[in-house]
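The numbers in the sequence shown follow my numbering, run straight up by one, and end at 353.
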Amino acid sequence: MKTEILFLKQEDVIEAGILNMAKVLEMVEKAFYLESQGEIINPPKTVFGIPIGQNPSSHFFSMPVYIGGDVNRPGIKWAAESMTNAKTGNLPMGIDLIILSDPVTVQPVAIMDGMVITAMRTAAAAGVAAKYLAPKGAKVAGCVGAGVIGRTMIMALKEVLPSLEEIRLCDLNLEKAEKLAAEFEGIINVIPTNNLEEALTDADVVATMTTAKKPFVKAEWIKDGAMIIQMSACEVEAGVVKKADKIVVDSWEQMKKNDLSIIKQMVDSGDLDEKDIWTLNQVVCGNKPGRENDEETTMFSSRGMGCLDIIIGDHIYKEALKKGLGQKLVLWDEAKWV
Ligand SMILES: NC(=O)c1ccc[n+]([C@@H]2O[C@H](COP(=O)([O-])OP(=O)(O)OC[C@H]3O[C@@H](n4cnc5c(N)ncnc54)[C@H](O)[C@@H]3O)[C@@H](O)[C@H]2O)c1
């Protein structure tokens with residue numbers, strides 16, 4: 016029997032509705048809830064780096080997942096990041112592919128671009144965290160990094176924080192910040208800058224999504240009662256983590272395998288107790304409290320979980336089938352050696 020796979024290029028994924036941040040937030044929250052109920056198998060991602068010149072500057076990540084409940088979908092994300100692309104600006108820094116399979120016959124059913132899905136789900140994880148941990152009535156966000164995740168972070172924060180009036184957007188490359196700010200004209204007031212201190216001081220929510228390999232956010236810039244969101248491993252200095260009354264991560268199992276993670280480094284050096292690190296699924300299901308008062312400073316840090324890609328990939332696949340999108344690829348006409 017012929018086995019066919021639905022192939023969705025990036026344009027199909029967009030046509031199927033991936034840019035609907037409200038829907039993505041809903042699915043990401045559902046994934047964290049299903050995780051809390053033991054419905055998700057999400058082993059830590061495997062990672063390797065390929066040296067280009069002196070240091071590893073291309074990284075590949077393999078992220079296998081099964082989602083149970085009414086989703087019932089196994090799949091994998093094959094993700095990659097290129098520091099060469101980040102430097103040249105000719106291609107996206109992160110390029111990803113998602114494969115979905117049938118849970119019973121195990122046949123692959125879909126292959127799709129995962130780049131936009133990754134960008135949307137990454138910021139949506141922060142958005143779900145902000146829903147539970149951001150200060151009530153947050154008016155000002157200080158964002159650092161005007162790249163791919165910078166764009167979706169603005170979309171997510173705008174969606175979950177209706178009181179937000181101003182987003183200060185800082186990038187080493189001011190032109191990038193200006194261009195991205197212009198995309199949100201008439202949607203939300205985004206003020207481009209390359210002055211980090213001005214962008215972050217007094218912000219109710221601070222979010223970092225840069226390719227920096229060294230901490231650059233100082234504790235003295237973070238106001239009491241703010242929420243800090245760190246999307247890469249070590250953008251904030253240890254003092255920022257120390258300042259947080261609640262530290263929530265997407266997956267501690269994954270984060271503790273990343274030597275670059277500032278949180279892992281603090282646990283290793285005894286500066287932080289592992290038991291004080293909560294996971295977002297615990298907060299979403301109510302086992303741990305979200306924000307409890309205006310004074311507490313909260314922090315969310317993320318390493319990225321494949322289950323978010325697969326739950327969204329499954330939704331996009333179903334939408335694409337309804338809309339007749341994509342191309343069919345034939346894996347075989349008749350399977351050999353059945
Ligand atoms: N946690 C997750 O699930 C997850 C998923 C995807 C990407 N990421 C991480 O998010 C980060 C951003 O990814 P991206 O795809 O948006 O990258 P990108 O290359 O599109 O954008 C990064 C931006 O950061 C800016 N930048 C770098 N260092 C800076 C500094 N010190 N101060 C201010 N700006 C600085 C760059 O100029 C660039 O505009 C990366 O570290 C990536 O690994 C995390």
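Even glycine gets a Cβ: it sits at the ideal position worked out from N, Cα and C.
When you compare the CB positions of residue i and residue j, do they come within less than 8 Å of one another, or not?
i	j	result
Ile244	Ala145	yes
Val155	Asp219	yes
Asp265	Met320	yes
Met246	Ile164	yes
Asp239	Asn209	no
Pro118	Arg166	no
Ile237	Val255	yes
Ile110	Met127	no
Gly162	Met78	no
Ile132	Ile277	no
Ile207	Glu198	Just to set this straight, residue 207 is Pro in the shown sequence, not Ile. Result no, Cβ atoms of Pro207 and Glu198 do not sit closer than 8 Å.
Glu19	Val353	no
Lys272	Pro59	yes
Asp309	Pro177	no
Ile33	Ile331	yes
Arg136	Val39	yes
Leu172	Gly142	yes
Ile82	Ser73	no
Met281	Leu287	yes
Ile325	Val175	no
Lys338	Glu30	yes
Ala227	Arg183	no
Leu323	Val86	no
With a threshold of 8 Å between beta carbons, is residue i in contact with chain C?
i	result
Val255	In the structure shown, chain C does not exist; there is a single protein chain.
Can you tell me whether residue i sits near ligand 1, meaning its C-beta is under 7 Å from at least one heavy atom of the ligand?
i	result
Ala196	no
Cys249	no
Glu96	yes
Arg318	yes
Asn188	yes
Thr216	no
Phe231	yes
Lys191	yes
Thr208	no
Ile164	yes
Met246	yes
Gly109	yes
Gly142	no
Gly160	yes
Cys185	yes
Ala222	no
Ala101	yes
Specify, as a first and last residue, the run of the alpha helix (DSSP H) that residue i falls within.
i	result
Met98	98-103
Asn280	For the record, residue 280 in the displayed sequence is Gln; it is not Asn. Per DSSP, Gln280 belongs to the alpha helix (DSSP H) from 277-283.
Ala197	189-198
Asp329	321-338
Val298	295-299
Phe47	36-51
Met168	163-175
Ile203	Segment: none, Ile203 is in no alpha helix (DSSP H) and carries neither H nor E.
Val28	25-30
Trp267	267-270
Once you ignore the five residues that flank residue i on each side, which residues in its own chain have a CB closer than 6 Å to its CB?
i	result
Asn296	Phe47, Glu50, Ser51
Gly341	Leu21, Phe22, Leu23, Asp27, Ala335
Ser317	Ala140, Met246, Asp265
Asn204	Glu181
Ala222	Cys158, Met168, Ile244
Ile202	none
Ile56	Tyr81
Met98	Ser72
Ala95	Phe75, Ile110
Taking 8 Å as the limit between beta carbons, can you name the residues of its chain near residue i, skipping five residues before and five after?
i	result
Gly84	Leu49, Gln52, Glu54
Asp217	Val155, Lys238
Pro107	Asn100, Met130, Val163
Val124	Ile20, Leu21, Leu115, Ser116, Asp117, Tyr332
Lys17	Val345, Trp347, Asp348, Glu349
How is the beta strand (DSSP E) around residue i delimited, first residue to last?
i	result
Gly142	Where Gly142 is concerned, there is no enclosing beta strand (DSSP E), although the alpha helix (DSSP H) it sits in stretches over 130-148.
Asp111	109-116
Gly157	155-159
Ala222	220-223
Excluding sequence positions up to five away, which residues of its chain have a Cβ less than 7 Å from the Cβ of residue i?
i	result
Leu148	Met242, Lys261, Val263, Gly305, Arg306, Thr313, Phe315
Phe231	Leu211, Glu250
Glu252	Pro230, Val232, Lys233, Ala234
Gly68	none
Val298	Tyr147, Val263, Gly305
Asp291	Ile262
Glu289	Val282
Lys303	Trp293, Gln297
Ala153	Leu176, Ser178, Leu179, Asp219, Val220
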